[in-house]
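Numbering (the UniProt record's numbering), first residue to last: 1 to 413.
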């Protein structure tokens, strides 16, 4: 075997761990913002503006069709250096197509991709300084782990000594230091996934693209690897673009999430913003469990709170920042199951006080999941923690929720 050496490598590669992905020195003159697909709606998330520094990836107005099917429709966003950004959506929403266009495996019909300010839209994948980790991992079966990780450095003609140092660091980072001589077939699913990540990060790409890399793992291992992935991403400081349909996965790992539907962003924001302040009925329904209730606005109570009337009574509800309603407007209100309380005692609460009956109650380990039918026929899902009394089917109850935990997510259907 010929040893590949070079006195002046084409690219000097360093794996210097960076806690939290923040360098001591930041580049100037760049700014992070998340540009929504619909300019009339604020889907950008908070804390991002047109003068922010340290943009590593910018996607502008991507559109793509396959035949008569419009897969992407004017998708735009920008990412910080060291950010963990997740493209989340159901099958066919356009998330994988977006990833493939960023990587160079697919060409857009229109739009552009910029890496560190350079337009790479027309460049092939190997010229973009991006790496992709697929669900299949794509490890070379005839090579051991060390050889797989070292492969990219060898074809770049990096000196042998530097290859050894960089591979050693990468394997330490993914906790595979003792597995370098093993073939992929001798590894568990989680170990193969970590080996694929080591092979990708050893080249120090500007952005690491991950296309549902945990999809083939069982539930327990998948949860373990979620923690490992986030740890590795923070230590190396590389920007991650992660594709998944798993809402819990996205919420647990991401700095920001872009929820895609029919090739457009419904909302872009932090996990907390996506869950607690969904901007559309679709996002409220897609992310976690919720109760969607049709109502009419009765009064504006100030500070973003409204009094609304349901068929079964009146309650308080919160409007999202930048939205307002008038008495008589038809709206849809989202109330998460964990915000609903039900008890046999009479509720003396300004915002909500409905009567109903427990229809079913399931024990799910840390809480009871109940279905409650309100007087008038509407059914609600409610989560009752174990510190509260479990009420069996047939029990008459009072139902309540704080007005600020009920969110107006759109007009009535």
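Just so you know, even glycine gets a beta-carbon here, dropped at the ideal spot from N, CA and C. Source: prediction; values computed, not measured.
First through last residue of the beta strand (DSSP E) which encompasses residue i
{"i": "residue 104", "result": "Looking at the DSSP string, residue 104 is not in any beta strand (DSSP E), and its letter there is neither H nor E."}
{"i": "residue 90", "result": "Note, residue 90: premise wrong, no beta strand (DSSP E); not H, not E."}
{"i": "residue 319", "result": "313-319"}
{"i": "residue 268", "result": "264-269"}
{"i": "residue 361", "result": "354-363"}
{"i": "residue 407", "result": "406-411"}
{"i": "residue 305", "result": "305-310"}
{"i": "residue 341", "result": "341-343"}
DSSP beta-bridge partners of residue i
{"i": "residue 381", "result": "371"}
{"i": "residue 58", "result": "78, 114"}
{"i": "residue 294", "result": "332"}
{"i": "residue 257", "result": "86, 269"}
{"i": "residue 207", "result": "130, 239"}
{"i": "residue 244", "result": "88"}
{"i": "residue 72", "result": "64"}
{"i": "residue 300", "result": "306"}
Nonlocal neighbours in the same chain, by C-beta distance under 6 Å from residue i, ignoring five residues either side
{"i": "residue 183", "result": "144"}
{"i": "residue 149", "result": "167, 170, 198, 199, 202"}
{"i": "residue 100", "result": "106"}
{"i": "residue 396", "result": "357"}
{"i": "residue 85", "result": "79, 241, 256"}
{"i": "residue 238", "result": "208"}
Nearest candidate by alpha-carbon position, reference residue i, set the options
{"i": "residue 346", "options": "317, 322, 399, 241", "result": "399"}
{"i": "residue 104", "options": "336, 128, 310", "result": "128"}
{"i": "residue 287", "options": "401, 232, 362, 249", "result": "249"}
{"i": "residue 380", "options": "289, 300, 297, 364", "result": "289"}
{"i": "residue 55", "options": "175, 317, 115", "result": "115"}
{"i": "residue 225", "options": "343, 238, 175, 113", "result": "175"}
{"i": "residue 88", "options": "252, 327, 375", "result": "252"}
{"i": "residue 81", "options": "205, 154, 391", "result": "205"}
{"i": "residue 68", "options": "364, 191, 109, 119", "result": "109"}
{"i": "residue 117", "options": "314, 57, 280", "result": "57"}
Close beta carbons around residue i, own chain, < 7 Å, minus the five adjacent residues each side
{"i": "residue 319", "result": "304, 306, 325, 408"}
{"i": "residue 180", "result": "144, 145, 146, 171"}
{"i": "residue 300", "result": "306"}
{"i": "residue 285", "result": "292"}
{"i": "residue 373", "result": "356, 357, 359, 379"}
{"i": "residue 383", "result": "337, 338, 367, 369"}
Contacting residues, own chain, Cβ-Cβ under 8 Å from residue i (five flanking each side not counted)
{"i": "residue 291", "result": "334, 335, 336, 337, 340, 380, 381"}
{"i": "residue 75", "result": "37, 59, 61, 62, 63, 94, 98, 111, 260, 263, 264, 265"}
Enclosing alpha helix (DSSP H) for residue i [first to last residue]
{"i": "residue 286", "result": "281-286"}
{"i": "residue 222", "result": "219-236"}
{"i": "residue 146", "result": "145-155"}
{"i": "residue 399", "result": "From DSSP, residue 399 is part of no alpha helix (DSSP H) but of the beta strand (DSSP E) over 396-400."}
{"i": "residue 171", "result": "160-173"}
{"i": "residue 189", "result": "189-201"}
Interface flag, residue i vs chain C, CB-CB below 9 Å
{"i": "residue 406", "result": "Absent from the structure: chain C. Only one protein chain is present."}
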